[in-house]
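Everything below concerns the one structure shown next.
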Amino acid sequence: MAEQLIYLEVGDDVAAAIGRLQRASSDEVVMVVPRRALLLQNVINLRMLKRQADLLNKKVSLMTQDEMGRNSASEAGFKILDQLDNDETPAVKPVHLEKTGTTVGSKIRYRKNRPIKADVVSDIDVEPGSLEKTSLDDRGGKWAKVSMGSVVRSAKTAGKLFKLERHHQVLIGFIVLGLLILGSVGFFVIPKAYVAIEVQSEPFSKQFTLVLADTQDVQTAGPNVLTGRFIEVTRENTGEFEATGEENRGEKSEGKITIINHTGSIQGLLVNTRFQSPAGLVFRIKSEILIPPARGGTPGRATVEAVADGGGTKYNISAPMKLTIPGLGDAGVDMVYGEVNGSFKGGTDDITKIVSEEDIEKAKIEAATNVFVSAEAELSRELKRGEKLIPELIQNDVIDTMPSASAGAKRDKFEVRVQSRSWTILIDDEDLKKAISNSAMFGLPEGQQVTDNTIDNASIEVIESNFLNHRINLLIKLEGRVGPSINKQEIASILANQDIESASGTLDSMEEITTSSIEIWPTFLTRIPLLYNNIRIQVIYLGE
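For this note's numbering, count along the sequence shown from 1 and bump the result up by 44.
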């Protein structure tokens, strides 16, 4: 069976090519693909087409002048043809084409003895008038080879090209119009004016209180009250900590203590009375004892057996060593005391790690600190559109702390569970600055204002917070400058569209302004921009 030719268009994708291939009646197909065709843009498309051809048991060859497409087709496994062979080109008699709309790859209707219209055939290697003379070669009346650049297009296709040209004209018109609009907008928007104004200022300091309250609290009102939405998060966190306390559970040292009495009366001591060494070691007497009074300048003496208060070799002490009685206070330290009689012996070491009171207190603080670290992130998740969280206003409360072991417990590690809550009043940062500014300006002379830097650098300190009432009391401290009140928007509207000389004169005529300068961009402009929003005014308070 002879090869069947399929002509593809530039916009035909792989799906269109497969559809044409499925409808082909011949098992041998030559696909003619124009340059820059969509099918040739991706080797994956060609591989899909090749796979489908194999499934249909069709032998497909590709003919194209697209060099990249030829390489991709070859990589996909297609046979590449430079041109149709003479013996594969169907022999037909010279015909004329009917002026009916055709598309590449569709069937062409032939009619004899009809003239060919010049606008129907293009890119042919021969002139339309000599088509019959050159269409047959000298080797048996077959059609001569036609180059890949030859394309038959209908009057309908020519009409599309005409419409495309009109589309380009419309597009160019829109581009020109857009440039004109951009130029007009740029004339008003691009020019900028920068005006620097210097005014005198004086030192200023003030402190006052502000109250942040919940918007749900209808009873809260006042000039120094700022309301916002109350939010809170509660959480529970458990942390593990190392026990650092030690207890020596070795044998206790035993010995004798001679008690010295410098008073004029008999002194009696109860069992377990404590005696303490200069190093802080404690010993307890095993029995009650009476110590005779001093006579003739000689103190009374009595000896009693004693035992160390704890285990360990550190209690193995020897004479001479003075032991005081803590229970007698500072006045009795030198009146009644003990001395080591001989030495204390028998103390051994058996050190065990325990949970100390210091361990528990330190763990509570650290656990609470750890749980508050995530407070800002958790509260941020509660924000609604337009709300802002001020970290300095977050209040953290510890509800309860529960250690897993008590002081003295024999543990290497222990846990502390912390229940806490974090809460705050959500207010807008600009609203806070406005409230500070209003309170700061209260009592100032008319025409004076606190500088913006003074407000921005205000010290804000939480002095009291009440979770039950949902209130936070703030102490505001201001240290800065105060100077003439300058209305930037009013000055900008006055300067708009003035030339530089007139604008400078206008600024010089204002008593509150010490000096001023004007810069315009682009620099070749000589007038202030017409739109006062394009005028940037900077007020510099001297001494700030």
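Idealized CB from N, CA, C, for every residue including glycine.
query: Which partner residues of Gln320 appear in the DSSP bridge assignment?; result: Val326, Thr368
query: Measure the Cβ-Cβ separation of Thr288 and Ser400 and say whether it is below 8 Å.; result: yes
query: Note down the Cα distance separating Ile507 from Lys408, rounded to an integer number of angstroms.; result: 24 Å
query: Confirm, please, whether the CB-CB distance from Ala540 to Ile572 is below 8 Å.; result: yes
query: Return the residue from the list Asp496, Ile469, Arg273 that minimises the CA-CA distance to Asn482.; result: Asp496
query: Tell me which same chain residues have a C-beta within less than 8 Å of the C-beta of Thr347, skipping the five on either side of it?; result: Lys300, Ile301, Thr302, Ile303, Asn385
query: Alpha carbon to alpha carbon, what distance is there between Val380 and Asp374?; result: 11 Å
query: Taking the alpha carbon of Thr282 as the point to measure from, which residue in Leu221, Ala453, Thr413, Ser509 has its own alpha carbon closest?; result: Thr413
query: With a threshold of 8 Å, are at least 3 pairs of Cβ atoms found where one atom belongs to the region 258–274 and the other to the region 306–326?; result: no
query: Decide if Ser553 is buried, meaning its Cβ has at least 16 other Cβ atoms within 10 Å, or exposed.; result: exposed
query: Residues bridged to Gln311 by DSSP?; result: Ile335
query: Please tell me whether Ala60 and Leu93 are closer than 8 Å, where the distance is taken between their beta carbons.; result: no
query: Of all Cβ atoms in chain D, is any one closer than 8 Å to the Cβ of Val220?; result: In summary, chain D is missing from the structure at hand, where a single protein chain is found.
query: Would you kindly work out how many angstroms separate the C-alpha atoms of Asn115 and Leu82, rounded to a whole number?; result: 15 Å
query: Cβ of Leu256 within 8 Å of Cβ of Ile504?; result: no
query: Any chance the region 486–500 sits against the region 232–243, with 3 or more Cβ pairs inside 8 Å?; result: no
query: Please classify Arg429 as buried or exposed, where buried requires at least 16 other C-beta atoms within 10 Å of its C-beta.; result: exposed
query: Could you pull out every residue in the same chain whose Cβ sits closer than 8 Å to the Cβ of Leu221, ignoring the five residues on either side in sequence?; result: none
query: Can you list the beta strand (DSSP E) stretches of 3 or more residues lying completely in the region 529–567, in chain order?; result: 559–565
query: Answer with buried or exposed for Gly344, where buried requires no fewer than 16 other C-beta atoms within 10 angstroms of its C-beta.; result: buried
query: Helix, strand or coil for Leu518, going by three-state DSSP, please let me know.; result: strand
query: Between which two residues does the alpha helix (DSSP H) harbouring Ser70 extend?; result: Unbroken run through Ser70: none, as it is neither H nor E.
query: Taking the beta carbon of Leu224 as the centre, do at least 16 other beta carbons fall within 10 Å, making it buried, or is it exposed?; result: exposed
query: Suppose only complete runs of 4+ residues qualify. What are the alpha helix (DSSP H) ranges in the region 378–425, listed by chain order?; result: 401–417, 419–424
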